[in-house]
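J.: Sending over a structure as structure tokens; questions will come in a sec.
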Amino acid sequence: MSSELSAAERMAREHAVTHQAYVEPEEAEGPASVAEASSSRGPTAADKVSGKQANPKALDTQSHELFPELGSSKGKASASAIPTWGARTGASNGASNGSSGPALASVAKPAVSLPGRNVETITIDPQHILPRQKLRRPIPDIIKDINKRSRAKITMSSATNGRLKFEATGPQDVAQQALKDLVSQIGTKNTITVAIPQSARAHIIGKQGSTIKALQERTGARINFPKLEEAQAALDDDDDAEIHVTIEGNTISAASARDEILKIAKERAANVQTKVRGIPAEFYPFIAGVQNARAQALEETNGVRIQIPPHTGWTSQPIPPAGPPSQQPRFSAEGVEDHISLAGDRTSVQKVRAEIERLAADLEKQLHVEQFSVQRGRHQFIIGNLGIPVEDFFADTGCHILLPAEGEDDTVTIIGPADNVSDAAEKAMDLALNMQCSNFDVSRFHRGAPNGAAVHAQNVTRYLRHRREIERLESLYNTRINTPFSEHGALPWEIYSRDGKNAIRAQSEITSIMNGHPPSRIASVPIDPFFHSHISKNVTPRVREDYGVHIVVPEANEAGAPILLVFEGPSSADSPYQLPKAAPSKDDVRIFQQGLEDARKYILDLVNKQEEVTSISIEVPQKFHERLRRFIKKEQEKRADDQIPIRVSSLGTKVTLRGPVSAVNTLASKVEKFIEQEKEDEKERGFTMSFDFPQKFANHLIGKGGSNIRDLRDKFDVEIQVQDGKVELKGPKAKAEAAKSHILNLGRTLADETTHVLKVDPKFHRELIGKEGTQINRLQTRYKVLIFFPRSAKPATEDAATDSASDAGKPARRQQNPDEVIIRGPKKGADEARDELFSLHQYLKDNSHTATVTIQQRQVPSLIGQGGSALEELRLSTGAKIDIPADRDVETVEVQLKGTKAQVAAAKKVLEEKKAVFEDTVSKTIDVDRKHHKSLIGPGGANLRTLVLNAGGSDDRRELARTIQFPKQDADGDSIKVEGRSEVVDKIIAAIQDKVREWDSQVAETIEVPVEKHRSLIGRGGDVKRNMESRFNVAIDVPRQGENKTGIKIRGKPENIKAAKEHIETFLKEQEGETILVPRAKHHAVSNNGQIFRKFRNDWGVTVDHAGHSVPDKPETTRANGGSLPLITDDEDTASDAHSWTIVQNVSAEEGDIPWVLRGSAENVEKAKKAIQTALDQSSKQDTTGLLVLPDPRTYRHVIGPGGSKVKAIRNQSGCRITVPRDQAKDEPIEIIGSKEGVEKAKDLILAAVKEGSNRSRD
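Those letters in the sequence shown? Residues 10 to 1268, per the numbering used here, in order.
Okay, here's the thing in structure tokens:
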């Protein structure tokens, strides 16, 4: 086994082979040799990925040849050292061991430096000097110009092989700059490539590109890194992977840039993190060892952190076949995604890698495979939750076990040393067969199912899985149930248990469930899988609520399965749905079928309304996928709420859109345009522009953790760099211009910034900030400002208000005082935010009076009330905020009150009163025979309420219910509980005792009353019966309607019973009534449209009925046809005189008489008879009806007058009955009934009243 080639070793090998430096013979030394290691397994996985298979070389991280540095040398440099500034007596010239490209100029460092004299030397090959025709002036003239401008003196001389040597004498910095200026004018442009570890990339670029920019400015070279997407994805997390950096510049600048890059790489390459690829996953347990012992030993010995993927006994990868006994099994690393990770010192990591690869090579020769088949349902009992941990199996047997994770494969694979695999196989078999198994054929039920018994059984099984009923059965009966399917439907269920009785019980319940789910309860609907997600999220709740149907949407692994509809019936919020376990009746089946049909129709109508589903595939280069993903996400967010989102998938460079035709076509068109635009933009990715941006706002532009810059990059699709008051944009020109405009506008907005400092008492800070910063974030968002509270006032969540009101983009704030709030932002927004914050502060000051009331924990429930009703009522009545702590483990609680001074005082007063009452509250019981309970309560609780009020208790309904509590009807005992203030409780008990003594001393008598008279004795709403009970102080028990009992029981004192009986007899006699016959033709005239009946009842207590005879129909009156009415918009004088008038003779077609049965006292009945006779006499004279319609409904009020005074006066003057309609807008007439002369007189009086009222309104 060989160790993988590291980045540093690859650099050393590559540069040693490709770059032979030009050196002066007298200064040359032999190159250092590098030992090569042999390889037994060929190139490693990392070599294959990087495309190299060269032999690795040992790495010396202290070597100045491999990791040179600029500046003074540390001792004598080797021949292959990278050139450094120095004198001609220093080290020799040489090429870099870390770069590829043409050999660069060499410089030397002086061994001895004379005081005041410094000489810098550079030797340049002819090919690195521009041809004469490309030089602006001859080299000597250029040197003269530089000597005149510089304090250094440059001289030129010839060296070996046609090279030119330049020496600059003067201060070191000046001499070096002079040589740089010379080379920049005469040197050619060179491009070299430097290989560095990928892990050093970020350190060379630096934060926001600061390091690489400084390198470029300092050396004058241009440094280019490969784009991230062009890097090898497989090695992104491997520090040993390398990338190639391209350096462009002249001889000196390119060499200087190369030196500094390699120096940074050296500093960052000491520790590495890498992955060991090419190791079959089956070897991992053996490399880790029992309880990870071998891996821990390697860690402790080498100081390297080793992470080996944990054991897993279930695999979806191909399992190596056992093969013939004489043939060694072949293990493969293909498809392995989890690799062994190593982290630590580079040398130690390489050592451990070599050891791991050596172990893998040995395992490949030592491990054997044994395979056998075991029923898939039994696999779960070998390892896992129902078996033993896979680690324990390995520790016990020294072998690894693999089971297929999916599919129909039932093969168990044992991997281990040849001596152990047989024992391990035996152990696995014992574990698998440790459970009893019984097969239960669910397809034997409902053999007449339309699609076959197996398909119906499969549908029921899917439903039970979805309802998690299988899990419930497993838990209930301590079993494991395997529910396999085949392409034809459900296979027999496998029920595993250690106790056979549990399996029998489970089978019994499964039988009941299957009987309760016939084919009539389940229907299947084939639906395109595109709609499955929409149906699951949006349709399922609606169908369950409206049709009582449960929907089962296929899972991802149920390809091709239909949607199932299962009828469950109306849902109940009170209790969970219980599966039916009995065969349904025929009526039930009809209900099932109707519900399923309605649900099926609803779903199909919904789907059929959608357009045809189609798919479109588009070729998209991989580098555009991320930007395309963001673009499609934004487009999908714009869709209507009722539109089903398009499904997007990708495979390689192919992106597939699936959904409704029009939506897919529209999105595909947009995607194609987007890709075309991206391709055009790609051509302009090299375009750059820069502009000034105030440095004081730079952090605001960047945002916390670069968040603002990232948003701008995504929005405008350009690269943005911010450095030293400059913003550099790189990307398509149009997008760069748009980004520039946005950033400049942001700068102008920030320039308009102002700051307000508010003095706010710290006790209000938390409420001003709001819960998790909601209040202050709202102000910041609305007014686009930043609001800073002192640190102690920040909300509990660090990222809430403090993040949004961060110091990003602003100079350091001075230390805030505890009572200061700072508002910073655009002037207008800052002013408005300040004003609103002041308003909030003032409101809190006005409403922040507080008080506390201490109450007992036992009083809290009564104070809160049922569902918080009592507490809410108290809050509403006082206006105060009332907070009751939820701690139930204390004897007393502090009730917090907050609000205005008056609100707090009112709430405190009420609470203290309740507290005083509660503290004086006692609870006593009194035994009262149940026969008295109903009498104590009274009708609707009236007696109970009277009892409590007379004792000084509250009339509040809730207080009443709590004060006297009777035992429930189904409870034993006669005890009545009385609770309240001690004084009230004692009075109530005394009153109850008096009542009971009184009732116990009472007697009961029965009076016979015909059933048909019971209703009269009770009266409307029971008022007659209550009046008699109150008047005579007795209890009257009337049999319930339908019992057909005539006996009415009267209970009370003998003298009271006697008086009540006499009264009842008199009352019943009065109720016998006296009958008067009234001509049917005059019924309505005499009754005055029913007013006379109300008068009899209210004034004399006389009731009237008609002995079952029907009341004559009321004559219809219509408006006369004589002339049309004027419009209400006509002239007022004209309108006030206009009317419609009709006179009708009262002639009725009714014949015969109608009985009027009068019931009441004899005296009052006589009064009623006289009134009826008078009305009959008057009706003979009132033979005319006048119908008067006024044009404007608003004038009717003048006829009625204030409180009806006007119409009453007209009635008295005319002797007529006048009825003014309630709804004048319907053109109903004013009805006048009387003699012909009286009717005419009434009409004139009415018109005069209307005219008078109209004139008064105009005045």
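The beta-carbon is built from N, C-alpha and C at its ideal position, and this holds for glycine as well.
Note that this is a predicted model, so its numbers are computed, not measured.
(1) Taking contact to mean at least 3 C-beta pairs separated by less than 8 Å, is the region 450-464 in contact with the region 410-426?
(2) Counting C-beta neighbours from all protein chains within 10 Å, is the total for LEU1254 16 or more, i.e. buried, or is it exposed?
(3) Using DSSP bridges, identify the partner residues of ALA860.
(4) Locate the alpha helix (DSSP H) running through LYS744, then write down its first and last residues.
(5) Kindly list the residues whose CB is nearer than 8 Å to the CB of ASP1108, restricted to its own chain and excluding five residues on each side of it in sequence; keep chain order.
(6) Taking the beta carbon of GLY1262 as the centre, do at least 16 other beta carbons fall within 10 Å, making it buried, or is it exposed?
(7) By a C-beta neighbour count over all protein chains shown, 10 Å radius and 16 as the cutoff for buried, is HIS497 buried or exposed?
(8) Just grab the DSSP bridge partners of ILE873 for me.
(9) In its own chain, which residues sit with a C-beta less than 7 Å from the C-beta of VAL1259, not counting the 5 before and 5 after it?
(10) Ignore the nearest five residues each way along the sequence and tell me which others in PRO894's own chain have a CB closer than 6 Å to its CB.
(11) Just curious, the alpha helix (DSSP H) that GLN1222 is in, first and last residue?
(12) Using only the alpha-carbon positions, how far apart do ILE873 and ASP597 sit?
(13) Between LEU376 and the rest of its own chain, which residues show a CB-CB distance below 6 Å, the 5 nearest in sequence each way excluded?
(14) May I ask you to report which of helix, strand or coil DSSP gives SER42?
(15) Give me the DSSP bridge partner(s) of TRP1165.
(16) In the DSSP assignment, find the unbroken beta strand (DSSP E) run with TRP1008 in it and report its ends.
(17) Cα-Cα, which of PHE381, THR1193, GLU176, GLY578 is closest to ARG599?
(18) Could you tell me if ASN199 is buried or exposed, where buried requires 16 or more neighbouring beta carbons within 10 angstroms of its beta carbon?
(19) When we look at the beta-carbon of HIS1072 and count the other beta-carbons within 10 Å, is it buried (16 or more) or exposed?
(20) Would you call the CB atoms of ILE973 and LEU953 closer than 7 Å?
(21) Does ILE195 come out as helix, strand or coil in the three-state DSSP assignment?
(22) List the whole-angstrom C-beta distance separating HIS388 from LEU411, where the pair is believed to meet the contact cut-off of C-beta under 8 Å.
(23) Between the Cα of GLN912 and those of ILE891, SER932, LYS924, spot the shortest distance and give me the residue it belongs to.
(24) I think VAL673 touches THR623, with their Cβ atoms under 8 Å apart; what is that distance to the nearest whole Å?
(25) Does LEU1167 pass the burial test, meaning 16 or more other C-beta atoms within 10 Å, or should it be called exposed?
(26) What does a CB cutoff of less than 6 Å around ARG355 pick up in its chain, not counting 5 residues either side in sequence?
(27) Compare the beta carbon distance of PHE975 and HIS941 with 7 Å and say whether it is the shorter of the two.
(28) Between the region 156-171 and the region 223-232, are three or more C-beta pairs nearer than 8 Å?
(29) Measure the alpha-carbon distance for ARG231 versus ILE201 and round it to whole angstroms.
(30) Am I right that ILE4 and LEU666 are in contact with their C-beta atoms under 8 Å? What's the rounded C-beta distance?
(31) Checking the sheet assignment: what are the DSSP bridge partners for MET438?
(32) Express the C-alpha separation of GLY888 and ALA1094 in angstroms, rounding to a whole number.
(33) Go ahead and pull the three-state DSSP assignment for ASP855.
(34) Quick one: what's got a C-beta closer than 7 Å to ILE317's C-beta in the same chain, skipping five residues either side?
(35) Under 8 Å Cβ to Cβ from ARG1265, same chain only, skipping five residues before and after it: list those, please.
(36) If LYS836 and THR763 are in contact, beta carbons under 8 Å, what's the gap, nearest whole angstrom?
T.: Taking the structure as given:
(1) Contact fails: fewer than three Cβ-Cβ distances are below 8 Å.
(2) Position 1245 of the sequence shown, counted from the start, is the residue given in the question as residue 1254. Buried, because 16 or more other Cβ atoms sit within 10 Å of the Cβ of LEU1254.
(3) As a position in the sequence shown, residue 860 is number 851, starting the count at 1. Within the DSSP bridge table, the entry for ALA860 names LEU906 as partners.
(4) Within the sequence shown, residue 744 is the residue found at index 735, counting from 1. First-last of the alpha helix (DSSP H) with LYS744: 742-760.
(5) The count along the sequence shown starts at 1 and reaches residue 1108 at position 1099. Nothing listed; no residue qualifies.
(6) As a position in the sequence shown, residue 1262 is number 1253, starting the count at 1. Result: buried.
(7) What you label residue 497 is simply residue 488 of the sequence shown in a count that begins at 1. Counting other Cβ atoms within 10 Å of its Cβ, HIS497 stays below 16 and is therefore classed as exposed.
(8) Numbered from 1 along the sequence shown, position 864 holds the residue referred to as residue 873. DSSP output for ILE873 lists no bridge partner at all.
(9) Translated into the one-based positions of the sequence shown, residue 1259 becomes position 1250. Within the same chain, Cβ atoms closer than 7 Å to the Cβ of VAL1259 are found at SER1145, LEU1199, THR1204, HIS1207, VAL1208, the five residues on either side in sequence being excluded.
(10) As a first step, residue 894 must be located in the sequence shown, where it is residue number 885. Only VAL902 meet the Cβ criterion.
(11) Reading the sequence shown from its first residue, position 1213 is the one you call residue 1222. Per DSSP, GLN1222 belongs to the alpha helix (DSSP H) from 1214-1223.
(12) Walking along the sequence shown from the start, residue 873 turns up at place 864. Walking along the sequence shown from the start, residue 597 turns up at place 588. About 47 Å.
(13) Position 367 of the sequence shown, counted from the start, is the residue given in the question as residue 376. Closer than 6 Å at the Cβ level, and outside the excluded window around LEU376, lie ILE424.
(14) Numbered from its first residue, the sequence shown carries residue 42 at position 33. With a pLDDT of only 31 at SER42, under 50, the local geometry of the prediction cannot be trusted, and no value is derived from it.
(15) The residue labelled residue 1165 in the question sits at position 1156 within the sequence shown. Answer is ILE1085.
(16) Looking up residue 1008 in the sequence shown gives position 999. Bounds of any beta strand (DSSP E) do not take in TRP1008; it lies within the alpha helix (DSSP H) bounded by 991-1009.
(17) Sequence index remark: in the sequence shown, residue 599 carries index 590 (1-based). Nearest of PHE381, THR1193, GLU176, GLY578 to ARG599, Cα basis: GLY578.
(18) By one-based count along the sequence shown, residue 199 stands at place 190. It counts as buried.
(19) In the sequence shown, counting from the first residue as 1, residue 1072 sits at position 1063. Label assigned to HIS1072: exposed.
(20) Translated into the one-based positions of the sequence shown, residue 973 becomes position 964. Translated into the one-based positions of the sequence shown, residue 953 becomes position 944. Yes; because the gap between Cβ atoms is below 7 Å, this pair is in contact.
(21) Position 186 of the sequence shown, counting from 1, holds the residue named residue 195. ILE195: helix per DSSP, three-state reduction.
(22) The residue given as residue 388 occupies position 379 in the sequence shown. The residue given as residue 411 occupies position 402 in the sequence shown. No, HIS388 and LEU411 are not in contact; Cβ-Cβ is about 11 Å, not under 8 Å.
(23) Here residue 912 refers to the residue found at position 903 of the sequence shown. Answer by Cα proximity: ILE891.
(24) Taking the sequence shown and counting its residues from 1, one reaches residue 673 at position 664. Taking the sequence shown and counting its residues from 1, one reaches residue 623 at position 614. Right, their Cβ atoms sit about 6 Å apart.
(25) Your numbering for residue 1167 matches position 1158 in the sequence shown. Buried, by the Cβ-count rule.
(26) Numbered from its first residue, the sequence shown carries residue 355 at position 346. In its chain, beyond the 5 residues on either side, VAL281 have a beta carbon closer than 6 Å to the beta carbon of ARG355.
(27) Indexing the sequence shown from 1 puts residue 975 at position 966. Indexing the sequence shown from 1 puts residue 941 at position 932. At the C-beta level, PHE975 and HIS941 stay beyond 7 Å of one another.
(28) Touching, no, given that fewer than three Cβ pairs across the two stretches are closer than 8 Å.
(29) As a position in the sequence shown, residue 231 is number 222, starting the count at 1. As a position in the sequence shown, residue 201 is number 192, starting the count at 1. Straight-line Cα distance between these residues: approximately 11 Å.
(30) Look at the range of the chain in this structure, 10 to 1268, and you will see that residue 4 is not part of it.
(31) Against the sequence shown, residue 438 aligns to sequence position 429. None; MET438 has no bridge partner.
(32) To locate residue 1094, count along the sequence shown from 1; it is residue 1085. To locate residue 888, count along the sequence shown from 1; it is residue 879. About 60 Å.
(33) Along the sequence shown, read from residue 1 onward, the residue named residue 855 stands at position 846. Reduced to three states, the DSSP call for ASP855 is helix.
(34) For the purposes of this step, residue 317 is taken as residue 308 along the sequence shown, with counting starting at 1. Cβ-Cβ distances below 7 Å link ILE317 to TYR293, ILE296, ALA297, ALA304, ILE349 in the same chain, with the five nearest sequence neighbours on each side left out; the list follows chain order.
(35) Counting from one through the sequence shown, the residue named residue 1265 turns up at place 1256. For ARG1265, same chain residues with a beta-carbon under 8 Å away, outside a window of 5 residues either side, do not exist.
(36) As a working mapping, residue 836 is identified with position 827 in the sequence shown. As a working mapping, residue 763 is identified with position 754 in the sequence shown. Right, the Cβ-Cβ distance comes to about 4 Å (below 8 Å), so this counts as a contact.
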